[in-house]
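Below is one structure, written out as structure tokens; comments come after it.
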Amino acid sequence: MFSNVGWGEMLLLVVAGLVILGPERLPGAIRWTSNAVRQAREYLSGATNQLRQDLGPEFDDLRQPLSELQKLRGMTPRAALTKHLLDGDDSFLTGNFDDKPVKPVSPDAPKPATPEPPKPPSEPGVTRFDADAT
């Protein structure tokens with residue numbers, strides 16, 4: 001339940017509790033909170049056991065999609081796409097489509113010619129239209 005609360009946050013909560021409640025009421029508040037959390041856990045485990053008894057083998061069928069959702073929750077969007085849509089092959093996302101290794105370019109190699117910038121339209125107010133771009 002408190003898996004995302006670290007020791008620094010716990011220390012901050014204790015200090016805030018000391019300031020707000022005072023040292024004489026803080027132990028009672030901690031006891032009340034721990035009892036409430038323990039009771040909530042008992043209720044949840046009792047409800048889970050009751051469902052397991054009532055549903056029998058169908059309970060596992062109910063839990064299977066939930067466990068798959070839990071696995072997806074920990075995935076990044078890229079990992080989820082790779083696993084479910086691309087069957088684990090992430091070459092589409094990395095841009096390496098062929099199996100040939102990429103050769104490094106030496107600094108002494110001649111640079112490729114740069115393309116010329118597009119020319120402005122000859123007539124003012126007329127926009128050029130590229131049919132291949134649409």
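Going by full-length UniProt numbering, 36 is the number at position 36 of the sequence shown; the sequence numbering is gapless. Every residue gets a Cβ at the ideal spot worked out from N, C-alpha and C, and that includes glycine.
Inter-residue CB distance, Leu13 and Leu26 (contact presumed, cutoff 8 Å): Rounded to the nearest angstrom, the Cβ distance from Leu13 to Leu26 is 11 Å, too far for a contact under 8 Å.
Just how far apart, CA to CA, sit Lys83 and Met75? Each residue's Cα considered, the two are about 10 Å apart.
Please report the residue range of the alpha helix (DSSP H) in which Pro65 lies. From DSSP, the alpha helix (DSSP H) with Pro65 extends over 58-73.
Rounded to the nearest angstrom, what separates Arg63 and Lys71 at their Cα positions? If you take the alpha carbons of Arg63 and Lys71, they lie about 12 Å apart.
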